[in-house]
Amino acid sequence: MLRVVSGVSLVAQRGQVTALLGANGAGKTTTLECAQGLQKRSGGDISLLGRDPATAGAELRSRVGVMLQDGGLPPSSRPVPLLRHVAGLYAQPWPVDDLIERLGIGAFSRTTVRRLSGGQKQRLALAAALIGRPEVLFLDEPSAGLDPQSRQLVFDLISELRDAGMGIILTTHLMDDAQRLADYVYIIDGGRNVAEGTVQELLQRSPVVETGADHIRTLEFEAVPGLDFAGVLPDGIAVAETRAGSYCVTGSLTPGHLAALAGWWEAHGIMPASMSLQARSLEDVFLDISGKDIR
Amino acid sequence: MNGTASGAAGATQDNAPVTALGGVSGTQQPASLLRRVLLQGKYEALAMLRNGEQLILAVVLPLLALVGLTVTPFLDGLGGSRIDVAVPGILALCAMSTAFTGQGIATGFDRRYGVLRFLSTTPLGRGGLIAGKALSVLAVLCLQVAVVSAVALSLGWRPQAAAWVPGLFLLALGAAAFTALGLLVAGTVRPEATLAITNLLWILLGALGGIVLPAERLPAGAQSMVQFLPSGALGESLREAFLAGTLNGGAALILLLWTVIAGAAAIRWFKWN
């Protein structure tokens, strides 16, 4: 038996966006599909609104919305009849016209699904997932294929749904999505969750530098290869030459550190070709935790 | 992604309800089971009828076969008139077209595009989805029977009144057997393979499976075998029903066995993604 996911443990709360973050093939979709009852699991426990999704019936499914990674919409169908059909499966659906307006589906309402752009399909799939006014919403890679305007529209709607009390569980391999949307993040790697926390908690966590500082930043600059910065910066500030001539300084950087570095450059006659200072991103944390190897 | 999860513990806490969405409030309930299945049946039937290729398979080809059998001598000597012998076989062919080939291909591609997975996460569920498909097959078959019967009556078909009860019962049973077989193929191989297999079998069984041409008009080697095929059992028993007004219990049992065996195999091996 192929074991894809083993050792994932997560809790998602109502009124929160919970993100499962991981590289392609990390086990995000499998985890989600087990929680949706789409895949049989060989072990472990899953409780969705107090029920086991593997054995629950129509009552539970009516309270849960699912947007699949590949949409799952019939290619020959048109958006409005499709949404009306899915709405008919619920006792009290979200009014179809309202949802069509909210997600800008009217602009392509007469186009068959197979002719829709990737972003249009995503918006339609989101509408189909929301039509039952779910209490729990599963979104598998919700921003795949979205143009910037659609992305903003979808993100605003997700935030609004969260504020209305919906529990939203999404998977993404886009760190920016998670950073913008998620209240709580689980990083999944090799079928296990390897880290979890709020975005802020994860940003403060660093296997490179042990520090309790609030604001981890990275300073990247390019100069001549092979420089030795030993003793220039205090303990807790790490300097690494990531590739020949490219340096990355990570830690709770202060103006004093920058001054020390600039002084050292001046003393050695070095002027970096480029440099950038940025807050540490979730992507940095993710790469630290899951490694940089291509999967 | 294939595989299983072990040790996965996903959860949402059950506490405060969600506030109104889209101007509607209150805990969601599914529509009634009957409504869900009827809706799905209607949706699938309309999709089938809007598909040009399916219409050719479901209506045009059976009508061509009907006309072909009335102007050629293949069926001479088997009943009162060519049309009386031809129509039951054409009705059986309609059941195979819709339940096996049409429905199998549609299900195969629905599976490819994730439609089956999406719908099984809605209140419809897997059971409702299958029931809806079966209902759509019956609805389309009713239309086929109406069209074929109308054309046949205009060509001089004179069925016995007593034939309709066993005839429609056998057609429904045949549709069930072919639906189960179509689902088995659609759920276990790629949609392109489903397309090839169901079309090829439609031609082979249509020509040599005892469905349109009675067993006695087939090569000697095939004669003893076809009665055990769903095509032969349905074709032969429908001819008996419409020509003699009797129900062939043995053939009905064979169709039932095919339904049960193919249905059980589909339940066991059907892959939803």
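So the sequences go chain by chain: A and B. First residue of the first sequence? That's 820 in my numbering, and the numbers climb one at a time after it. First residue of the second sequence? That's 598 in my numbering, and the numbers climb one at a time after it. Glycine residues also receive a C-beta, built at the ideal position from the N, C-alpha and C atoms.
Within its own chain, no residue has a Cβ closer than 6 Å to the Cβ of Asp1047/A once the five positions on either side in sequence are excluded. Note on geometry: alpha-carbon atoms of Val657/B and Ser622/B lie some 49 Å from one another.
Linking Gly860/B to Ala849/B through their CA atoms gives a straight-line distance of about 16 Å.
Cα atoms of Val742/B and Arg633/B: separation of roughly 26 Å, rounded to the nearest angstrom. Going by C-alpha positions, Gly686/B is about 20 Å away from Gln700/B. Counting along the chain, the unbroken alpha helix (DSSP H) around Thr795/B starts and ends at Pro788 to Leu805.
Its chain contains Ala838, Phe839 and Gly842 as the residues whose beta carbon lies nearer than 7 Å to that of Ala760/B, once the 5 sequence neighbours on both sides are disregarded; these appear in chain order.
Residue contact with chain B for Gly1016/A: absent (no Cβ-Cβ distance below 7 Å to any residue of chain B). DSSP, reduced to helix, strand and coil, places Pro898/A within a helical segment of the structure shown.
Proximity of Pro961/A to chain B, defined by a Cβ-Cβ separation below 7 Å, is not satisfied. Not one beta carbon of chain B lies nearer than 7 Å to the beta carbon of Val1004/A. In terms of Cβ geometry, Leu781/B and Ala863/B form a close pair [threshold 7 Å]. Scanning chain A for C-beta atoms nearer than 9 Å to the C-beta of Pro659/B yields nothing, as the closest lies near 23 Å away. One thing to note: Val955/A has its Cβ no nearer than 7 Å to the Cβ of Leu892/A. The segment 704-720 of chain B and the segment 870-890 of chain A touch, with no fewer than 3 CB-CB distances between them shorter than 8 Å. Identification of chain B residues near His904/A by a Cβ-Cβ cut-off of 7 Å yields Leu636 and Tyr640, ordered along the chain.
At least 7 Å separates the CB of Ser928/A from every CB of chain B. For Val885/A, at least one C-beta of chain B is nearer than 7 Å to its own C-beta. Secondary structure of Ile1056/A (DSSP, three-state): coil. Rounded to whole angstroms, the separation of the alpha carbons of Thr795/B and Ile702/B is 7 Å. Residue-level contact by beta carbon holds for Gln626/B and chain A, with a gap shorter than 7 Å.
With fewer than three CB-CB distances shorter than 8 Å, the segment 797-817 of chain B does not count as touching the segment 729-744 of chain B. Taking a cut-off of 8 Å for Cβ pairs, the segment 904-914 of chain A and the segment 978-990 of chain A do not touch, as fewer than three such pairs fall below it. Beta-bridge pairing by DSSP links Met886/A to Leu958/A. Judged by DSSP in its simplified three-state form, Ile1089/A adopts coil rather than helix or strand. In this structure Thr624/B is exposed. Its beta-carbon is surrounded by fewer than 16 other beta-carbon atoms within 10 angstroms. Residues of chain A with a Cβ closer than 9 Å to the Cβ of Arg865/B do not exist; the shortest Cβ-Cβ separation is about 13 Å. In summary, Lys730/B is buried, with 16 or more beta-carbon neighbours lying within 10 Å of its beta-carbon over all protein chains present. Ranked by how close their Cα comes to the Cα of Pro763/B, the residues Arg865/B, Leu672/B and Asn845/B have Asn845/B in first place. The residue from Ala831/A, Gly834/A and Thr850/A with its alpha-carbon nearest to that of Arg1011/A is Thr850/A.
Taking a contact to require three or more Cβ pairs closer than 8 Å, the segment 953-970 of chain A and the segment 849-866 of chain A qualify as touching. Taken through DSSP and simplified to helix, strand or coil, Asp916/A comes out as helix. Judged by DSSP in its simplified three-state form, Leu815/B adopts coil rather than helix or strand. The three-state reading of DSSP puts Val830/A in coil, since its state is none of H, G, I, E or B. Contact annotation, Val682/B with Arg836/B: C-beta distance approximately 7 Å; criterion of less than 8 Å satisfied.
Look at Val712/B here: in three-state DSSP terms it is helix.
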